[in-house]
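Residue numbers (the numbering used here): 17 to 204.
We put the beta carbon where it would ideally sit given N, CA and C, even for glycine.
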Amino acid sequence: MGQISVENCGDIEGLKIITPTVHGDNRGYFMETYNKREFFEAGIDVEFVQDNQSASKKGVLRGLHFQKNFPQDKLVRVIKGEVFDVAVDLREGSKTFGKWFGVVLSEENKKQFFIPKNFAHGFLVLSDYAEFCYKCSDFWHPNDEGGLLWNDPEIGIEWPLWEGAELIFSEKDPKWGGIAQYKKERNL
């Protein structure tokens with residue numbers, strides 16, 4: 017592999033941080049953000065079918081989202097600003113079920129975060145403004161949305177909140193249940 021380096025994320029199998037090789041000179045820089053061959057060699061054998069992009073201001077917390085019956089692999093990155101990105105393992109039978117991992121993604125570090133199917137995903141915008149891009153392995157199905165409460169104490173995500181932080185949510189995000197409700201609905 018020549019254009020990316022790949023790190024595993026703690027003890028949660030399948031999550032990966034991808035750092036591209038950045039080629040810079042007096043004109044600026046160039047980097048590959050996706051190369052099917054190199055990703056395959058890194059153990060990421062996924063066909064992406066949809067690209068999404070969002071823009072958010074500081075304090076926006078999106079998530080924690082997943083699709084119930086049509087799960088998606090995601091490859092996420094930030095092209096402007098900085099976010100704290102989180103994945104929560106929802107894979108039935110996984111030894112790390114309910115565990116979370118977080119990473120700072122920014123335009124400066126250019127890191128990408130690969131999140132396999134059956135993880136909940138969300139992010140908190142840390143900079144004044146951020147643009148967030150991600151590839152998905154399945155299409156969005158509007159009637160298939162699921163979510164977890166961002167501050168569920170059983171999950172225990174350590175969000176990097178600043179003094180006086182005023183978080184901004186969609187109407188639905190603060191209404192999701194916690195992981196106990198998720199397990200009950202799934203008969204786990």
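- Query: Out of ALA71, GLU23, VAL65, which has the shortest C-alpha to C-alpha gap to LEU142?
  - Reply: The closest CA to that of LEU142, considering only ALA71, GLU23, VAL65, is found on ALA71.
- Item | Option in LEU80, ILE28, GLN19 with minimal Cα separation from ARG53 | When C-alpha distances from ARG53 are compared across LEU80, ILE28, GLN19, the shortest belongs to GLN19.
- Go ahead and label HIS157 buried or exposed: buried means 16 or more other beta carbons lie within 10 angstroms of its beta carbon, across all protein chains shown. Per the 10 Å Cβ criterion, exposed.
- Determine the contact status of LEU80 and GLY138, defining contact as a CB-CB distance below 7 angstroms. Yes, these two residues count as a Cβ contact at 7 angstroms.
- Query: Which stretch, first to last residue, makes up the beta strand (DSSP E) that contains GLU23?
  - Reply: Looking at the DSSP string, the run of the beta strand (DSSP E) that includes GLU23 is 20 to 25.
- Is the number of C-beta pairs between the region 38 to 58 and the region 101 to 120 that are closer than 8 angstroms three or more? Fewer than three Cβ pairs drawn from the region 38 to 58 and the region 101 to 120 lie within less than 8 angstroms of each other, which leaves the two stretches out of contact.
- Between the CA atoms of PRO169 and ARG202 - distance to the nearest angstrom: Looking at the two C-alpha atoms, the distance is approximately 19 angstroms.
- Query: Hey, out of VAL62, GLY97, GLY118, whose CA is closest to PHE148's CA?
  - Reply: For the residues VAL62, GLY97, GLY118, the minimum Cα distance to PHE148 belongs to GLY97.
- Item | Beta bridge counterpart(s) of PRO87 as assigned by DSSP | Listed as beta-bridge partners of PRO87 by DSSP are no residues whatsoever.
- Message: DSSP three-state label for ILE195, please.
- Response: Helix at ILE195.
- Query: When you compare only the Cα positions, how much space is there between GLY40 and GLY26?
  - Reply: If I take the Cα positions, the gap works out to 31 angstroms.
- Query: Which residue comes first and which comes last in the beta strand (DSSP E) that contains LYS151?
  - Reply: Run containing LYS151: 145 to 152, per the beta strand (DSSP E) assignment.
- Task: Using beta-carbon positions only, say whether LYS74 and ASP144 come within less than 7 angstroms of one another.
- Result: ASP144 sits close to LYS74, with the two beta carbons spaced by under 7 angstroms.
- How is PRO132 classed by DSSP in three states: helix, strand or coil? DSSP, read as helix, strand or coil, puts PRO132 in coil.
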